[in-house]
Structures are given as structure tokens and as C-alpha cells.
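**Student:**
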DNA sequence: CAGCTATATATCGACAGTCGTACTATCCTC
DNA sequence: GAGGATAGTACGACTGTCGATATATAGCTG
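Chains as they are written, first to last, in our numbering: chain U, 244 to 362; chain X, 244 to 362.
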């Protein structure tokens with residue numbers, strides 16, 4: 244099974260659920276925190292992703308609750324979802340490592356042939 | 244300047260160009276090698292990406308050549324392109340690290356409360 | 001020499017995931 | 001009682017990728 248690319252919002256939905264069940268709005272807050280404010284999940288994106296991830300078996304519904312008169316839909320990561328997140332993390336770490344290696348070889352090359360900077 | 248998400252094919256186009264100028268088809272071969280065969284850039288994706296990246300100033304045309312009767316269009320990474328690739332690599336490495344931390348805390352939690360596995 | 005593979009680029013419709021926006025509804029604070 | 005935070009629903013628009021088709025040259029095989 245070859246893992247295809249996972250988009251950043253989707254990735255953070257899974258990452259957010261990785262340490263326990265959460266409800267939709269809670270995921271948004273948590274993802275923002277987890278990414279140091281970089282990722283702000285849009286509601287449309289979130290619920291679309293949750294539906295898709297459920298149909299793929301990576302996320303499961305984990306009970307609805309009514310708190311202070313408002314509905315909360317809880318979700319949790321499945322074993323398959325945790326495995327996918329682990330795969331994706333590995334892929335990204337490896338890609339980043341490869342790109343950095345290339346960039347450092349570029350730095351050496353450019354420094355080694357100064358005339359290449361201004362042809 | 245907040246960096247937005249970069250898709251995997253685009254990322255590998257930049258990564259491939261990071262160690263020197265290449266022509267389109269050469270990028271495809273190189274990206275496949277660089278990713279251990281995981282990424283096979285489609286021609287449509289590649290040339291669309293190259294045009295887009297040029298208009299964004301991340302990639303520049305680096306001369307056309309005719310080799311064995313066939314046209315070769317060469318491309319190179321700009322300084323801005325190298326910076327974007329570095330940013331993107333850092334982002335991915337950090338995301339992967341955060342996700343792994345979450346996953347390990349999950350493993351501890353699940354191991355620590357076995358009844359949670361079969362509710 | 002016909003057919004296939006590899007090299008090399010161009011183009012285009014279809015699709016998936018995200019964005020942006022608007023909507024409903026409750027609770028709390030100023 | 002206006003505004004903001006919480007919580008979810010719905011939908012059209014946009015962007016990058018995919019898949020397929022096309023053109024052309026070179027080299028190999030039957």
C-alpha cells in the first residue's frame with residue numbers, strides 16, 4: 244500500500260486527535276496551538292476532512308454530547324489513522340532531510356564557483 | 244511573509260533543482276531517484292509547476308539546448324526558490340516532529356489504560 | 001521496416017481538498 | 001442588547017495534480 248500525499252490541514256486533524264478524542268471546534272483550537280499558530284483550520288475544511296477520514300477509516304465518531312446547550316461531536320483516531328499519521332510523518336521528515344542535503348550541496352557549489360552567482 | 248503549503252510534486256521540483264540546473268525530463272528522473280522511486284512526476288504537473296514557479300520567481304529559465312535533435316529547456320533555482328525550499332523543509336520537519344510527539348503520548352496513554360482499547 | 005521504448009515537450013478536461021463566506025444557535029460579558 | 005466566543009452546517013470558487021492525448025527524434029528488436 245503506497246501512501247499518497249496528505250495535505251496540511253488533514254495532517255493536523257489527525258495529529259490533533261493523536262493524543263485523545265476531541266470535538267470539532269476543539270480540534271481547531273488544538274491544531275492552532277500545536278502548530279504555534281501557523282495552521283488555522285477552516286470550519287468547512289475541518290468537517291469535510293472529518294467526514295472523509297471517517298469514510299477512510301482513519302477517524303471514528305466518539306460520541307455526541309450536549310454541553311451548555313451546544314452540540315459537541317467527538318472524534319477519535321483509529322489504529323489505522325495512527326499508522327497513517329506515522330507514515331506521513333516519516334515521509335515528511337525524510338523529504339525534508341533530502342531537500343536539506345541538496346540545499347547544502349548547492350551552497351558548497353555556489354561558494355566554490357563565485358562566477359556562477361553573476362553569469 | 245507567511246509561507247503557505249507546498250504540494251509534494253512542487254517540493255520535489257525545487258529539491259531536484261537545488262543541486263544544479265536541469266531540464267524538464269531530467270527533473271522527472273532525478274525526483275524519482277531522490278525519493279527512492281516514490282515520486283513520479285507527471286509531465287502535465289511538471290510543466291505546469293515550472294511555469295507557475297517561474298512566475299513566482301522561485302525558478303528561472305537557464306537556457307535552451309538542442310541535444311541529439313531534441314529540444315532541452317533548462318531551469319535553475321533562484322535564491323528565492325532556495326529560501327522557499329529551506330522554509331518548506333523546516334516546516335515539514337517540524338510538523339513531523341510534533342506529530343511523532345503526539346503519537347508517542349498516545350501510545351503511552353493507550354498502554355496505560357488498557358480498557359480504552361475495547362470500550 | 002514495422003513496432004516498441006526512451007527521450008523531450010505541450011495541452012487540456014476532470015478531480016480532490018481547501019478556502020471563503022454565510023447561516024443557525026447558545027452562552028457570557030460589557 | 002450588542003458583540004464575541006463556542007459549535008456546527010452548507011456551498012460555490014479556486015488551485016494544483018492527475019490522466020490522457022499529441023508531436024517528434026533516436027535507438028533497438030523481430
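Don't be surprised by glycine CBs; every beta carbon is placed ideally from N, CA and C.
For the region 269-311 of chain X, which segments carrying the alpha helix (DSSP H) assignment without a break, of at least 4 residues, lie completely within its bounds, in sequence order?
**Tutor:** Segments of the alpha helix (DSSP H) lying fully in the region 269-311 of chain X: 286-298.
**Student:** Of all the residues that make up the region 264-285 of chain U, which are near chain X by a beta-carbon distance shorter than 7 Å?
**Tutor:** Of all residues in the region 264-285 of chain U, 277 have a Cβ within less than 7 Å of some Cβ in chain X.
**Student:** Given a cut-off of 8 Å on the beta-carbon distance, is the pair residue 256 of chain U and residue 270 of chain U in contact?
**Tutor:** Contact: yes.
**Student:** Quick one, are the C-beta atoms of residue 342 of chain X and residue 325 of chain U less than 8 Å apart?
**Tutor:** The answer is no: Cβ separation not under 8 Å.
**Student:** Quick one: which chain X residues come within Cβ less than 9 Å of residue 250 of chain U?
**Tutor:** Result: 248, 250.
**Student:** Using 8 Å as the threshold, is the region 276-291 of chain U in touch with the region 329-345 of chain X, meaning 3 or more CB pairs across them?
**Tutor:** Yes: the two stretches touch, three or more of their Cβ pairs being nearer than 8 Å.
**Student:** Closer than 8 Å, CB to CB, is residue 335 of chain U near chain X or not?
**Tutor:** Cβ-Cβ to chain X under 8 Å: yes for residue 335 of chain U.
**Student:** Would you identify the three-state DSSP class for residue 331 of chain X, choosing helix, strand or coil?
**Tutor:** Here residue 331 of chain X sits in helix by DSSP.
**Student:** Kindly indicate which residue of U:320, U:272, U:285 has the alpha-carbon position closest to the one of residue 299 of chain U.
**Tutor:** The candidate whose alpha carbon is nearest that of residue 299 of chain U is U:320.
**Student:** Which residues does DSSP list as the beta-bridge partners of residue 313 of chain U?
**Tutor:** Residue 313 of chain U is bridged to U:310.
**Student:** Tell me whether residue 251 of chain U sits in a helix, a strand or coil according to DSSP, three-state version.
**Tutor:** Residue state, collapsed to three classes: helix.
**Student:** Looking at the C-beta of residue 341 of chain U, does it have a partner C-beta in chain X at a distance below 8 Å?
**Tutor:** Yes, contact with chain X.
**Student:** Which residue wins for smallest C-alpha separation from residue 251 of chain X, given the options U:253, U:248, U:252?
**Tutor:** Taking only the C-alpha atoms, the option nearest residue 251 of chain X is U:248.
**Student:** For chain U, check one thing: does any of its Cβ atoms lie closer than 8 Å to the Cβ of residue 295 of chain X?
**Tutor:** False, the Cβ-Cβ gap to chain U never drops below 8 Å.
**Student:** Take the Cβ of residue 360 of chain X as the centre, count every other Cβ of all protein chains shown within 10 Å, and call the residue buried at 16 or more, exposed below.
**Tutor:** Interpretation of residue 360 of chain X is limited by its pLDDT of 38, a score under 50 that renders its predicted location unreliable; no figure is taken from the coordinates.
**Student:** So is residue 286 of chain X buried or exposed if we call it buried at 16+ other beta carbons inside 10 Å?
**Tutor:** Exposed, by the Cβ-count rule.
**Student:** Using CA coordinates, which residue listed in X:259, X:246, X:331, X:297 is at the minimum distance from residue 349 of chain U?
**Tutor:** Comparing Cα positions, the closest option is X:259.
**Student:** In three-state terms, what does DSSP make of residue 362 of chain X?
**Tutor:** Legend: pLDDT at residue 362 of chain X = 35, less than 50; position of this residue unreliable, no value from coordinates given.
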